[in-house]
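Protein chains in written order, with this note's numbering: chain A, 1 to 219; chain B, 1001 to 1144.
All residues carry an ideal CB built from backbone N, CA and C; glycine is no exception.
As the structure is a computational prediction, the values presented were derived from the model and not from experiment.
Notes for the one structure printed next.
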Amino acid sequence: MENDFLRIARHQLKGPVTLIKGYLSFWQSDDYQKFSPEKQKELINKALASAEKLNVLINDAFLALSLERKENLKINPEPIQLKELVEAIYNENFKTSYENKGLYFRTETEENPPVINSDKYYLTIVLRKLLDNAEKYTKSGGITVSLQKENKYAIIGIKDTGIGLTAEEKPLLFTKFFRGSLSLNIAKEITDALSGEIFVESAGQNQGAKFIIKIPLTI
Amino acid sequence: MAETKKVKILFVEDENLLRSLFSDALSLDTEFQYEIASVASLTAGLKAVELNKPDVVILDLILPLEDGEAIPSSERGITFIEKIKGDPSLKDIPIIVFSNLDDPETKKRAFDLGAESYLVKSESLPQTFLATIKNTLKKSLNWF
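Next comes the structure, spelled out in structure tokens:
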């Protein structure tokens, strides 16, 4: 399994490296002068975007490995107002890209939004992975995050209007490198570590998907 | 054909950013004018070769899975070479493999089946890519 992991991770990390080297080589060889100023700017932006992609891939690969080995996973509980957290994550990381794609973002909550005692750092990673995943697979429509309490759990629903899941894909969803990514595997491993559960509902292809996270009100 | 110096290139590659980087590199060349077509799967690639008869094919070996397929991923690229080189009307179209796979066995198989050249993506700068394409074209079309 780990050999597979290393093989795929190595392969994936090379993608953005090839791009960064390629873009920079235009500058090294002075070829960049043959491009228009607009094109030059576009190329530099693509190199930067590739570096950022590499950054995410490296973080994800090391995080997935350390989660698998249960290393360095120290849970530090603190009170978290879920609606505030979700909105802060959205505003800081996703607002621009969602708006650029023309996607709506809504939150639905009870009158008193759930406050939980859990690890903010890790819960933030889970929510970021799921909002990122929802954006990636949604071309039109948008994403609705619902927050409610049920017995001793907070229930976070992240519903998109995207490409959905086939019956064959469902059991593979949280495995490493599903659709080439570690995001959902990381979300599942962390949710487990927070004594929670994560699962998905989808009526099928192009029917959207809803991820549901159950997190104990107090860990 | 040498007079027009126009060449048709077919990219069989599913990574858009990579394709666009190397298309930008081709746009810098002053010797030839490249007409670039691109497809992202084995089936679409085979169809495009038959229809458009490109002057050269740039082939990624690891292509997306298609309906009902379960064969290991790099086999799709290998199958592509096998089919093109096994067809008398298409076998003279040069194929440049452009892959992240850098193991000797895969390279050997690609060459044994008739691929003209093999570039490892992460070791290829746009300039080497351009030079390989031009050399392959010149050799295959006996322009010089």
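Within its own chain, the residues whose Cβ lies closer than 7 Å to the Cβ of V1049/B, once the five positions on either side in sequence are excluded, are L1010, V1057, I1084, L1090 and I1093, listed in chain order. The bridge partners DSSP lists for P77/A are D119/A. For the region 1118 to 1136 of chain B, the set of positions with a beta-carbon nearer than 8 Å to some beta-carbon of chain A reads K1121, S1122, S1124, L1125, P1126 and Q1127 in chain order.
Closest in C-alpha terms to L1063/B, from the list L1137/B, L1018/B and S1074/B, comes S1074/B. Taking the Cβ atoms as the reference, I1095/B lies roughly 6 Å from E1116/B, within the contact range of under 8 Å. Taking the CA atoms as reference points, E1105/B sits about 38 Å from E42/A. C-alpha of K83/A to C-alpha of I213/A: approximately 14 Å in a straight line. The criterion of a C-beta distance shorter than 9 Å is not satisfied by I219/A and I156/A. Under the three-state reduction of DSSP, E111/A is assigned to coil, being neither helix nor strand.
In this structure, the beta-carbon distance from N55/A to K120/A does not fall below 9 Å. Close partners of N1016/B in chain A (Cβ separation under 9 Å) are lacking, with about 11 Å as the shortest Cβ gap.
Residue pairing by DSSP places K159/A opposite T144/A and K210/A in a beta bridge. Residue contact with chain B for T18/A: present (Cβ-Cβ distance below 9 Å to some residue of chain B). Two segments are said to touch when three or more pairs of C-beta atoms, one from each, lie closer than 8 Å; by this definition the region 1125 to 1136 of chain B touches the region 1021 to 1030 of chain B.
Of all alpha-carbon atoms in L85/A, F62/A, K21/A and K129/A, the one lying nearest the alpha-carbon of K46/A is that of K21/A. By the neighbour-count criterion, in which 16 or more other beta carbons inside 10 Å mark a residue as buried, G164/A falls on the buried side. Taking 9 Å as the CB threshold, D1060/B stays off the interface with chain A.
When Cβ-Cβ separations below 9 Å define contact, S50/A makes contact with chain B. According to DSSP, Q1033/B shares a beta bridge with K1006/B. Shown here, K152/A sits in coil according to DSSP, grouped into three states, outside any helix or strand. A Cβ-Cβ separation of about 21 Å leaves L85/A out of contact with T138/A under the 8 Å criterion.
In this structure the region 58 to 65 of chain A does not lie against the region 20 to 37 of chain A, because fewer than three pairs of beta carbons, one per stretch, are closer than 8 Å. F178/A has S181/A as its beta-bridge partners, per DSSP. The alpha carbon of F1098/B has as its nearest neighbour, out of D1087/B, K1005/B and L1018/B, the alpha carbon of L1018/B. Pairing L131/A with N93/A gives a Cβ-Cβ distance under 9 Å.
In this structure, DSSP gives S1117/B an extended state, which the three-state scheme calls strand. With a beta-carbon spacing of about 5 Å, R1076/B and L1042/B fall inside the 8 Å limit used to define contacts. With fewer than 16 other Cβ atoms from the protein chains shown falling within 10 Å of its own Cβ, A1037/B counts as exposed.
Contact between K210/A and I158/A holds: CB atoms are separated by about 7 Å, below the 8 Å threshold. Under a 10 Å Cβ-count criterion, E1013/B is classified as buried, with 16 or more other Cβ atoms of the shown protein chains found around its own Cβ. With contacts defined by Cβ atoms closer than 9 Å, F1032/B and L1137/B form a contacting pair. About 6 Å separates the beta carbons of S183/A and N133/A, which is inside the 8 Å limit, making them a contact pair.
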